[in-house]
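Under the working numbering, the first residue of the sequence shown carries the number 143, and numbering increases by one thereafter.
Below you'll find the structure, written out as structure tokens, and then a few comments.
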Amino acid sequence: MPAPEEPGVPGNPPGAAIPAHEAAPAHEAPPAAPSAREPVSGREAERKAGRKAERKADSDQDNTVTTGRRPSGSAVAQGAHMTHPRPGVMPGLEPPTASGPAGSGGRDEAVPPSGMVARDTVSAAGSPPGGKDVPEDIPGNIPAETVQKGTVPDESLVQESVTGEMVPGAPAPGAASAGSAVLGGAVLQPQLDAFLAAHEDELIAFRRDLHMHPELGYSEHRTTKRLAERLRAAGLKPVILPKGTGLFCDVGPADGSTVALRADIDALPLQDEKSDVPYRSTVPGVAHACGHDVHTAMVLGAGLFLAQQAEAGLLPGRVRLLFQPAEETPGGALDVMAAGGIVGVDRAFALHCDPRIEVGQLGLRTGPITAACDKVYVKVTGPGGHTARPHLTADLVYALAKIVTELPSALSRRVDPRSSLSLVWGRVSAGSVANAIPDDGIAEGTVRCLDDDAWHRAPEMMKALLQSVAAAYDVEASLEYVRGVPPTVNEAASVQMFRDAAAQVMSEEGVVPTPQSLGGEDFGWYLESIPGALARLGVRTPGSPGEYDLHRGDFDVDERCLAVGVRVLSATALTALWEGGRPGDAEPIEGAALA
143 MPAPEEPGVP GNPPGAAIPA HEAAPAHEAP PAAPSAREPV SGREAERKAG
193 RKAERKADSD QDNTVTTGRR PSGSAVAQGA HMTHPRPGVM PGLEPPTASG
243 PAGSGGRDEA VPPSGMVARD TVSAAGSPPG GKDVPEDIPG NIPAETVQKG
293 TVPDESLVQE SVTGEMVPGA PAPGAASAGS AVLGGAVLQP QLDAFLAAHE
343 DELIAFRRDL HMHPELGYSE HRTTKRLAER LRAAGLKPVI LPKGTGLFCD
393 VGPADGSTVA LRADIDALPL QDEKSDVPYR STVPGVAHAC GHDVHTAMVL
443 GAGLFLAQQA EAGLLPGRVR LLFQPAEETP GGALDVMAAG GIVGVDRAFA
493 LHCDPRIEVG QLGLRTGPIT AACDKVYVKV TGPGGHTARP HLTADLVYAL
543 AKIVTELPSA LSRRVDPRSS LSLVWGRVSA GSVANAIPDD GIAEGTVRCL
593 DDDAWHRAPE MMKALLQSVA AAYDVEASLE YVRGVPPTVN EAASVQMFRD
643 AAAQVMSEEG VVPTPQSLGG EDFGWYLESI PGALARLGVR TPGSPGEYDL
693 HRGDFDVDER CLAVGVRVLS ATALTALWEG GRPGDAEPIE GAALA
């Protein structure tokens, strides 16, 4: 099919450079413009108009097949719906191209606009504290210390176009066709480079301070105070939760859609066993052994960057920062929700440290990524008696043993095997002497599940099965079922937004599949009410020996992960805001599932 004719773009002077996707193939000579002395006949004009309409129809059909969405509005405006924009440019925010010297083909050569920096033309933004050099081969490491000659990172978010000064929030001349309200000239990658060059050391220091002063759930007063002070210093208005720990804070205009970025801020009751770092915990028996200090610093950094974008009029909606207390307790997510923390929020995103993944990588999975985790307490009572005469009483120990063995297998047969519903006992106790049948006994355990429906049904199913087994042995049994957290079930469209965002700030090798976990994560409470996704952020130093895991006293991270997390969270928030507002507005995105 011949290349379609493109309409002129207002603001481009005659002879201005034509974007690569619009330019004619190299082997075709550009069509000669009609001479003013040779007017086009009416019949020829009709033929050209007909061919132009046919080509536009073909182009629209091709777009529908490729993206699953029909075009609406100008080509630049449709950037807000693109699944994979080119790296470093947010959908709909492509910069205008400036004219340059004439090339061999007779057209002007394109000159990179101010603020556009190629990903592979910059070097490291400095080494992390501790004197470690930053390897160049880490996916997602997009340094910004030196810039290619002829390009300048735009720190003020205000660029000058070829036609004059750009007003923040106003469309750049030549960036879109008439009638398009898309912002122009805001290139994400160099903006993040400039921000991190100025703030990465601050964020690392902030993380280390939290690591040295960990606080358990509902005791995070110092952490909350430090967060509130830093956010207020940036001109924001944090709202502290009613219990005095944890807060949420809005960034950007209230009109349009709202995206939440969540961090948990509490620590674990573990002794910090690290001895070779200056930032080990100063609180005996308390440590940040699950990476919540890292989560907090990353969301803070993303919030500060997005606040700069909002101040320049470049944030197309609102981002709510959730700094949640008591994730390990758990219960903090419910407190955030009770305080109105997700009212008006359309989607929520979170990152969690994963020491099995190398720094510079992002683990994604559609569907259940973590499991529900509840606690169960079973108490069995009977009349008691002598072990020589079990037939004259209720053999309580035997009955308790049957409950402990029968319930897990019977429960697993009542649900779809794919739900991975499991009951595992951690404590069983009855009696005090060998020749006496006790009159009571207890069993305690946990229920874990990957399926939301099975999780909701589990308490009633377990109660019915417990009564059935107890009745067969003439004992009384009671069940205390304590809800912990629901499964965290990632929505496919939200996972795709993570993936699209990562494509702009990381290399293609940076996104990796991640397995399901039977560990609990109370981010699942948010996803019971609104769509969203949790991703796993690599924090392991590449090539490091040994196995690492969370909830260990020697847990630590490669601090270069902080910059990667800020990039991913910032790009994801912007992608989600551009992608289309509220859930249900767009068609499902194919190919979002990851093995």
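Glycine is no exception: its CB is placed at the ideal position from the N, C-alpha and C atoms.
For a test of the three-state rule: what should DSSP assign to residue i, helix, strand or coil?
{"i": "Gln466", "result": "strand"}
{"i": "Pro550", "result": "helix"}
{"i": "His598", "result": "helix"}
{"i": "Gly257", "result": "Note that Gly257 has pLDDT 33, beneath the 50 cutoff, so the model's placement of it is unreliable and the number below is only indicative. It is coil, neither helix nor strand."}
{"i": "Pro491", "result": "Reading off the sequence, residue 491 comes out as Phe, not Pro. Residue state, collapsed to three classes: strand."}
{"i": "Ile484", "result": "coil"}
{"i": "Ile499", "result": "strand"}
{"i": "Thr365", "result": "helix"}
{"i": "Arg372", "result": "helix"}
{"i": "Thr717", "result": "helix"}
{"i": "Gly661", "result": "coil"}
{"i": "Asp700", "result": "coil"}
{"i": "Ala178", "result": "Any answer about Ala178 is weak, because its pLDDT of 36 lies below 50 and its placement is not dependable; what the coordinates show is given next. Coil, per DSSP."}
{"i": "Pro532", "result": "helix"}
{"i": "Arg694", "result": "coil"}
{"i": "Tyr668", "result": "helix"}
Flag this pair as yes or no: are the beta carbons of residue i and residue j separated by less than 8 Å?
{"i": "Val487", "j": "Ile672", "result": "yes"}
{"i": "Gly388", "j": "Val478", "result": "yes"}
{"i": "Thr547", "j": "Val617", "result": "no"}
{"i": "Glu663", "j": "Val627", "result": "yes"}
{"i": "Leu549", "j": "Val611", "result": "yes"}
{"i": "Ala475", "j": "Trp667", "result": "yes"}
{"i": "Glu453", "j": "Val518", "result": "no"}
{"i": "Leu493", "j": "Ala336", "result": "no"}
{"i": "Cys703", "j": "Val419", "result": "no"}
{"i": "Ala429", "j": "Gly661", "result": "no"}
{"i": "Ala514", "j": "Cys591", "result": "yes"}
{"i": "Thr535", "j": "Ile484", "result": "no"}
{"i": "Ala490", "j": "Gly674", "result": "yes"}
{"i": "Ala405", "j": "Leu334", "result": "no"}
{"i": "Glu344", "j": "Ile407", "result": "no"}
{"i": "Ala606", "j": "Val589", "result": "no"}
{"i": "Leu769", "j": "Ala705", "result": "Because residue 769 is not part of the residues shown, which for the chain are 143 to 737, the question remains open."}
{"i": "Ala692", "j": "Thr630", "result": "Note on identity: in this sequence residue 692 is Leu, with Ala being the wrong assignment. No, the pair does not count as a contact, with Cβ atoms beyond the cut-off."}
{"i": "Ala713", "j": "Leu403", "result": "no"}
{"i": "Lys521", "j": "Tyr615", "result": "no"}
Alpha carbons only, please: which of the options is nearest the one belonging to residue i?
{"i": "Pro467", "options": "Leu369, Thr683 and Gly688", "result": "Leu369"}
{"i": "Val575", "options": "Pro629, Val539, Leu352 and Leu476", "result": "Val539"}
{"i": "Leu373", "options": "Pro356, Pro525, Leu711 and Gly443", "result": "Gly443"}
{"i": "Gly502", "options": "Asp700, Leu608, Ser417 and His434", "result": "Asp700"}
{"i": "Leu553", "options": "Leu565, Gln638 and Lys544", "result": "Leu565"}
{"i": "Asp582", "options": "Ser562, Ala614, Ala619 and Leu563", "result": "Ala619"}
{"i": "Glu500", "options": "His528, Ala718, Gly707 and Tyr360", "result": "Gly707"}
{"i": "Gly505", "options": "Gln638, Leu334, Trp720 and Met354", "result": "Gln638"}
{"i": "Glu357", "options": "Pro380, Lys379, Leu410 and Arg349", "result": "Leu410"}
{"i": "Arg422", "options": "Phe390, Asp351, Ala705 and Asp593", "result": "Asp351"}
{"i": "Gly509", "options": "Arg599, Glu633 and Ala606", "result": "Glu633"}
{"i": "His353", "options": "Ile584, Asp691, Pro426 and Ser649", "result": "Pro426"}
{"i": "Asp718", "options": "Trp567, Gln413 and Gly459", "result": "One point to set straight first is that residue 718 is Ala, not Asp, in the sequence displayed. Selected option, being the one with the closest Cα: Gly459."}
{"i": "Gly473", "options": "Phe665, Thr714, Thr366 and Val647", "result": "Phe665"}
{"i": "Arg507", "options": "Val381, Leu542, Ser659 and His341", "result": "Ser659"}
{"i": "Asp802", "options": "Pro525, Thr656 and Met648", "result": "With the chain covering 143 to 737 only, the question about residue 802 has no answer from this structure."}
Answer with buried or exposed for residue i, where buried requires no fewer than 16 other C-beta atoms within 10 angstroms of its C-beta.
{"i": "Asp516", "result": "buried"}
{"i": "Gly685", "result": "exposed"}
{"i": "Gly688", "result": "exposed"}
{"i": "Ser399", "result": "buried"}
{"i": "Arg569", "result": "exposed"}
{"i": "Thr424", "result": "exposed"}
{"i": "Ser561", "result": "buried"}
{"i": "Asn577", "result": "exposed"}
{"i": "Asp642", "result": "buried"}
{"i": "Pro395", "result": "exposed"}
{"i": "Gln331", "result": "buried"}
{"i": "Glu371", "result": "exposed"}
{"i": "Asp397", "result": "exposed"}
{"i": "Gly680", "result": "buried"}
{"i": "Ala347", "result": "exposed"}
{"i": "Gln451", "result": "buried"}
{"i": "Ala541", "result": "buried"}
Nearer than 7 Å: is that true of the beta carbon of residue i relative to any heavy atom of the ligand SAM?
{"i": "Asp691", "result": "You won't find the ligand SAM in this model; it holds no ligand whatsoever."}
Mind checking if residue i is an interface residue toward chain B, Cβ cutoff 8 Å exclusive?
{"i": "Thr717", "result": "In summary, chain B is missing from the structure at hand, where a single protein chain is found."}
(request) Kindly provide the ranges of any beta strand (DSSP E) runs that are 3 or more residues long and lie completely inside the region 377-455, ordered along the chain. (result) 389-393 and 400-406
(request) Pick out the complete beta strand (DSSP E) segments inside the region 559-636, 3 residues or longer, and give them in chain order. (result) 564-572, 582-591, 618-627 and 630-632
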